[in-house]
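Enquirer:
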């Protein structure tokens, strides 16, 4: 079989090029595993929540899983297929710092209006804390931390642009990382 992309079931040449930083054999194995765990060929928000419940048994992954699902489900079909899953995985595992930051901005921009409101940041960050705090013994005062982040930028509008979000990741790295998963 070798590393011939054409011999990998359900992974076409175009998909393999998009994810060329992954070896073809890895994509093949992940595809098989995905189909084994999700025989219908897609994952639902409930299945994603169940996965995170197994990872964080003492937390509540409902809010986090729902938002993660919405962010991954770029086709807005209410089903995440292997290709959507691979795109998110690609960005979060192998993406550049900029790509990860851009993805996290989309994750926090719940209403997809191009800015993150204080309310959105609090809601999403609280979802992360609700899921992880009892399992990982994480204690973060979300409201206080978000207020501090907005104050640092002297942001009185109550909204963060991507440039603001990027600046926070640099200027307040520790506070920022406390509210953001998937960052280096």
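In the UniProt record's numbering, the protein residues as written are 1 to 184. Each residue gets a CB set at the ideal place from its N, CA and C atoms; glycine is no exception.
Which residues in the same chain as residue 171 place their Cβ atom closer than 7 Å to its Cβ, once the five residues preceding and following it in sequence are excluded?
Expert: To locate residue 171, count along the chain shown from 1; it is residue 171. Correct list, in chain order: 152.
Enquirer: Return the first residue and the last residue of the alpha helix (DSSP H) that residue 161 is part of.
Expert: In the chain shown, the residue the question calls residue 161 occupies position 161. For residue 161, there is no enclosing alpha helix (DSSP H), as DSSP gives it neither H nor E.
Enquirer: Is the distance from the Cβ of residue 158 to the Cβ of residue 117 below 8 Å?
Expert: Here residue 158 corresponds to residue number 158 of the chain shown, with the count starting at 1. Here residue 117 corresponds to residue number 117 of the chain shown, with the count starting at 1. Contact: yes.
Enquirer: Straight-line CA distance for residue 88 to residue 113?
Expert: Within the chain shown, the letter at position 88 stands for residue 88. Within the chain shown, the letter at position 113 stands for residue 113. When rounded, the distance between both Cα atoms is 20 Å.
Enquirer: Please list the terminal residues of the continuous alpha helix (DSSP H) segment that includes residue 147.
Expert: Translated into the one-based positions of the chain shown, residue 147 becomes position 147. Note, residue 147: alpha helix (DSSP H), 142-152.
Enquirer: Below 8 Å on the Cβ atoms is my contact criterion, and I expect residue 107 with residue 124 to pass it. Report the Cβ-Cβ distance as a whole number of Å.
Expert: As a working mapping, residue 107 is identified with position 107 in the chain shown. As a working mapping, residue 124 is identified with position 124 in the chain shown. Right, their Cβ atoms sit about 7 Å apart.
Enquirer: Count the other CB atoms within 10 Å of the CB of residue 49; is the residue buried (16 or more) or exposed (fewer)?
Expert: Start at 1 with the first residue of the chain shown, and residue 49 comes out as number 49. Buried, since its Cβ has 16 or more Cβ neighbours within 10 Å.
Enquirer: Can you tell me which residues form a DSSP beta bridge with residue 43?
Expert: Counted from its first residue, the chain shown places residue 43 at position 43. DSSP lists 80 as partners of residue 43.
Enquirer: Buried or exposed: residue 141, going by 16 or more other Cβ atoms within 10 Å of its Cβ?
Expert: Position 141 of the chain shown, counted from the first residue, corresponds to residue 141. Counting Cβ neighbours within 10 Å, residue 141 comes out exposed, since fewer than 16 surround it.
Enquirer: Is the Cβ-Cβ distance between residue 85 and residue 135 less than 8 Å?
Expert: Within the chain shown, the letter at position 85 stands for residue 85. Within the chain shown, the letter at position 135 stands for residue 135. It is not a contact, given that the beta carbons lie outside the stated cut-off.
Enquirer: Residues in its own chain within less than 7 Å of residue 62 by CB, not counting five upstream and five downstream?
Expert: For this step, residue 62 is matched to residue 62 along the chain shown. Within the same chain, residue 62 has close Cβ partners 49.
Enquirer: Between residue 79 and residue 43, what straight-line distance do the alpha-carbon atoms span, to the nearest angstrom?
Expert: To locate residue 79, count along the chain shown from 1; it is residue 79. To locate residue 43, count along the chain shown from 1; it is residue 43. Roughly 6 Å between the two C-alpha positions.
Enquirer: Could you have a look at residue 133 and say whether DSSP puts it in helix, strand or coil?
Expert: Here the question's residue 133 lines up with position 133 in the chain shown. Three-state DSSP puts residue 133 in a helix.
Enquirer: With DSSP as the reference, identify every bridge partner of residue 117, one or two as the case may be.
Expert: Indexing the chain shown from 1 puts residue 117 at position 117. For residue 117, which the question treats as bridged, DSSP gives the partners 159.
Enquirer: Along the chain, where does the alpha helix (DSSP H) that runs through residue 28 open and close?
Expert: One-based indexing of the chain shown puts residue 28 at position 28. Residues 24-37.
Enquirer: What residue from 110, 132, 129 has the CA that sits closest to residue 160's CA?
Expert: One-based indexing of the chain shown puts residue 160 at position 160. Checked all of 110, 132, 129; the closest Cα to residue 160 is 110.
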